[in-house]
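Numbering (full-length UniProt numbering), first residue to last: 244 to 602.
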Ligand code: F6R
């Protein structure tokens, strides 16, 4: 029930810190270790390459998963859009493992890939919110996201729960060699810091509402820019904004702007820049300068410790690999308030269904 909330989407955005804490409690064993089937852990560590498959928001979580697994477990990862993978299959490695990401566990495009790779005899794990769903039943292993029912068509808490589970899977698959690097990093501790940071932002909703007032009341388009994981969150921000507010939005890798897109920037074009990664911070700031010089109105979302005086939204500091859990909160809320301002049907955007069971 949505209770006092005007929309399920807002309720589900608010639930995210609690969902991350639930994931922590479900995956933490009595010794503080990660509760993941040792056989699955073994499969992950034996794989020479991991293929992460999903659609829409779940595909965007898969992109973050690539970053997490490659950085933490040091295993090469490719993230694919299910419908593209199915009809334009990449050359597979000798010993692949497949990870399917699906809130509903019923998405036909993802299932198509699962059926195809099972026929080839490859192992599959499904990360889903729905126990007993088709993708869960047909895979060899299931990791549940424990986000509780997601009613709003636009996915929010499922995305952050998927990222948390992917992080735990990555940490549980660190090899002996990699241990030294991660020694002392407690993933549960880092996730709980992230949950607290999410909560701080959720309690400052007026900040995101202000961004909408300032940048998005009359525009027909909006750009999201970032590099690395910030680029992946930019893709998610753009998807959220377009699907519920019908503002045309695009997520861009900061460095790509000058290769074409910058032609679209004119006086007053709104852009949202995500700047959480220390090693590429300066590059994104210089991309922002370039578009501002051409008239863009840029809302900066940055991280505590490296903020500058005119940044609109400063995220509480969290572990560098977990920033998407936190940076996605303002973009979800900006989308929500933009849709609300426009009087859109937030929980049931036009032309969309919650679960897409046709190809
Ligand atoms: C966007 C959204 C969709 C879903 C996609 C996959 O807000 O909800 O893009 O993420 O249809 O659905 P699942 O995760 O159920 O496979």
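Each residue gets a CB set at the ideal place from its N, CA and C atoms; glycine is no exception.
Please read these numbers as outputs of a predicted model, since none were measured by experiment.
Extent of the continuous beta strand (DSSP E) run through residue i
i, result
"residue 491", "491–496"
"residue 354", "Careful: residue 354 lies outside any beta strand (DSSP E), inside the alpha helix (DSSP H) at 351–362."
"residue 339", "339–345"
"residue 464", "464–469"
"residue 322", "320–324"
Residues bridged to residue i [DSSP beta-bridge criterion]
i, result
"residue 511", "According to DSSP, residue 511 bridges with nothing at all."
"residue 545", "518 and 557"
"residue 367", "341"
"residue 576", "DSSP, once it has assigned bridges, lists no residue as partnering residue 576."
"residue 606", "The displayed coordinates of the chain run from 244 to 602. Any statement about residue 606 would go beyond what the structure contains."
"residue 332", "Answer is none; residue 332 lacks a bridge partner."
"residue 584", "Residue 584 is not bridged to any residue."
"residue 294", "321 and 341"
Where the alpha helix (DSSP H) containing residue i begins and where it ends
i, result
"residue 475", "472–488"
"residue 305", "299–311"
"residue 435", "430–445"
"residue 274", "Counting along the chain, residue 274 falls outside any alpha helix (DSSP H), and DSSP gives it neither H nor E."
"residue 537", "From DSSP, residue 537 is part of no alpha helix (DSSP H); its letter is neither H nor E."
"residue 257", "251–257"
"residue 455", "448–458"
"residue 282", "281–289"
Closest by C-alpha distance to residue i, when choosing among the options
i, options, result
"residue 592", "483, 308, 507 and 417", "483"
"residue 627", "504, 435, 413 and 299", "Outside the shown range of the chain (244 to 602) lies residue 627, about which nothing can therefore be said."
"residue 510", "387, 540, 573 and 490", "540"
"residue 284", "444, 554, 445 and 409", "409"
"residue 335", "290, 346 and 309", "290"
"residue 584", "487, 517, 602 and 268", "487"
"residue 549", "535, 567, 528 and 279", "528"
"residue 495", "512, 516, 485 and 489", "516"
"residue 265", "390, 589 and 453", "390"
"residue 282", "416, 554, 580 and 597", "416"
"residue 326", "308, 318, 295 and 317", "295"
"residue 449", "371, 577, 245 and 481", "577"
"residue 257", "571, 581 and 363", "571"
"residue 499", "519, 531 and 345", "531"
"residue 567", "253, 309, 269 and 293", "309"
"residue 342", "323, 349 and 270", "323"
"residue 333", "485, 293 and 368", "293"
"residue 250", "397, 459 and 378", "397"
"residue 519", "347, 503, 388 and 543", "543"
"residue 457", "477, 467, 514 and 476", "514"
"residue 537", "501, 383, 580 and 406", "501"
"residue 314", "422, 375 and 278", "422"
"residue 477", "254, 489, 485 and 493", "493"
"residue 560", "376, 434 and 384", "434"
"residue 426", "400, 316 and 365", "316"
"residue 311", "455, 588, 569 and 564", "564"
"residue 485", "394, 405 and 589", "589"
"residue 489", "534, 579 and 569", "579"
Residue environment, residue i, which counts as buried when at least 16 other CB atoms sit within 10 Å
i, result
"residue 354", "buried"
"residue 297", "buried"
"residue 595", "exposed"
"residue 472", "buried"
"residue 470", "buried"
"residue 551", "exposed"
"residue 429", "exposed"
"residue 441", "buried"
"residue 331", "exposed"
"residue 248", "exposed"
"residue 286", "buried"
"residue 601", "exposed"
"residue 338", "exposed"
"residue 446", "exposed"
"residue 438", "buried"
"residue 418", "exposed"
"residue 307", "buried"
"residue 555", "buried"
"residue 276", "exposed"
"residue 451", "buried"
"residue 546", "buried"
"residue 371", "buried"
"residue 268", "exposed"
"residue 468", "buried"
"residue 358", "exposed"
"residue 443", "exposed"
"residue 575", "buried"
Can you check the segment 388–417 for any alpha helix (DSSP H) of at least 4 residues that lies completely inside it and give the ranges in chain order? 400–415
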